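Notes follow once the structure below has been shown.
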Ligand SMILES: [Zn+2]
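Residue numbers (my numbering): 76 to 502.
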């Protein structure tokens, strides 16, 4: 029986990487709704056509190819394989692209094996996943997480409005809401992605089966002390805002130890020290706190511990403190039946694996509450991602695609696939 082909996977990923490739830094520039992004969508539609799939671009710009060789019809729910082909600036060639190319290869292999699935298989390249406009437009639109207000207000960092970018790309923004997919049209949603972190590569593990996407909160914190002359103000008479922040930074491991889990993350990623002059004691420090955990209660506990610790530090250092919560995104959990199915197929193929959270956001998170949704990773060399030297070994791309093929065949051809997986889980 023909299986997935490492040569074809390499060929397709390389072909897509040429769209928006920059010789100077070796990075891929294919931001959502750019001409390069739209060109890949056309390229993909041509591949769908070659495979005899029906294909369309929905109102949000998602490109959807449907493989239904037995002509089971539009009313039959589909097994969806999705990921994205847009990129951040100066990106690598695997992020998102692997999942879409793997989808093509799965359909190609099913066709080569003469498989006529009971449930049509759809391959979707979602629109604007990387958040040029601050969201994940395509996945949000398909799952009902899009509002007209957000759509009209969204703009990128240079001030380009989303609706203008869509019009420029030949889309009618008013049709974005029509991209909604009722849950009953989806049998299951599966995504294969590169890990974008170092865990699998470091632990020499082939597959990371994702149990859920960590929730994330973002705070803007302000510590206010007193700006003073750095020479005349004695050390014990200062209200140094930066010292307060440093104290907090040192408390982070303890906060996680006491309130968090091995999956907790707290990061101070941006600091603005005022007045920012070498000979002046910092009178004010503005900084961000981004916290993550897969458990919503733990996430809440981490947030309240941050607040408690900041208050104590402010008191001790004669500072005032205030903060604003910029966002709070609850964790999203993958379907346990799909996790069992993926785990079972991974074992059958003899691949090493681990069950893990995803610290990064993915299209799948919008599908978690919407339909049955699953995600798995293959290793990123040294964990590098969103950078030109992002790399995943071809053999790992092949293994991930092989696993995807097995899972999709099971879901699309076996009526009871999910029940069987569920039972295996309960045993
Ligand atoms: Zn991605």
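The C-beta atom is built at its ideal place from N, Cα and C for all residues, glycine as well.
All values derive from a computational prediction rather than experimental measurement.
Query	Result
Beta carbon shell of ligand 1 at less than 5 Å from a heavy atom	170, 171
Three CB pairs or more closer than 8 Å across the segment 282-290 and the segment 449-457	yes
Proximity of residue 254 and residue 195 at Cβ, strictly below 7 Å	no
Same chain only: Cβ atoms within 7 Å of residue 502, ignoring 5 sequence neighbours per side	At residue 502 the pLDDT is 43, less than 50, meaning the model places this residue with poor confidence and gives no usable figure here.
Per-residue DSSP class, three states only, for residue 184	helix
Buried versus exposed, by CB contacts within 10 Å (16 or more), residue 383	exposed
For residue 432, the first and last residue of its enclosing alpha helix (DSSP H)	Element bounds for residue 432: not the alpha helix (DSSP H) but the beta strand (DSSP E), 428-433.
Distance between residue 464 and residue 167 (C-alpha atoms, nearest Å)	6 Å
Counted within 10 angstroms of its Cβ, other Cβ atoms place residue 400 as buried (16 or more) or exposed	exposed
Residue 293 - DSSP class collapsed to helix/strand/coil	strand
Secondary structure of residue 93, DSSP reduced to three states	coil
Residue 334 vs residue 376 beta-carbon contact at 7 Å	yes
Residue 478 beta carbon less than 7 Å from that of residue 396	no
Start-to-end residues for the beta strand (DSSP E) that takes in residue 399	395-404
Cβ-Cβ separation, residue 202 to residue 137 (assumed contact under 8 Å), whole Å	5 Å
Buried versus exposed, by CB contacts within 10 Å (16 or more), residue 490	exposed
Sufficient close CB pairs (3 or more, under 8 Å) joining the segment 481-490 to the segment 248-267	yes
Stretch-stretch touch, CB-based, cutoff 8 Å, three pairs: the segment 314-328 with the segment 435-446	no
Sequence ranges, beta strand (DSSP E) only - wholly within the segment 86-144, length at least 3	129-132, 138-142
Three-way DSSP call (helix, strand, coil) for residue 473 in this model	helix
Where residue 279 falls, given that 16 or more other Cβ within 10 Å makes a residue buried	exposed
Identity of the residue in 300, 309, 94, 87 nearest residue 350 by Cα	300
Pairwise C-alpha distance: residue 246 and residue 190	35 Å
Residue range of the unbroken beta strand (DSSP E) whose run includes residue 262	261-269
Cβ neighbours of residue 122 in the same chain (closer than 7 Å, five flanking residues each side left out)	179
Euclidean distance between Cα positions of residue 109 and residue 380	43 Å
Selection from 80, 199, 208 that minimises the alpha carbon distance to residue 128	199
Residue closest to residue 252, alpha-carbon to alpha-carbon, out of 369, 238, 164	238
Own chain, CB closer than 6 Å to residue 130, minus 5 neighbours either side, in chain order	120, 123, 140
Spatial distance of residue 315 from residue 365 (CA atoms)	23 Å
Span separating the alpha-carbon of residue 206 from that of residue 101	22 Å
Counted within 10 angstroms of its Cβ, other Cβ atoms place residue 352 as buried (16 or more) or exposed	exposed
Straight-line gap, residue 392 to residue 319 (C-alpha atoms, nearest Å)	6 Å
Where residue 223 falls: helix, strand or coil (DSSP)	helix
As assigned by DSSP and simplified to three states, the class of residue 81	helix
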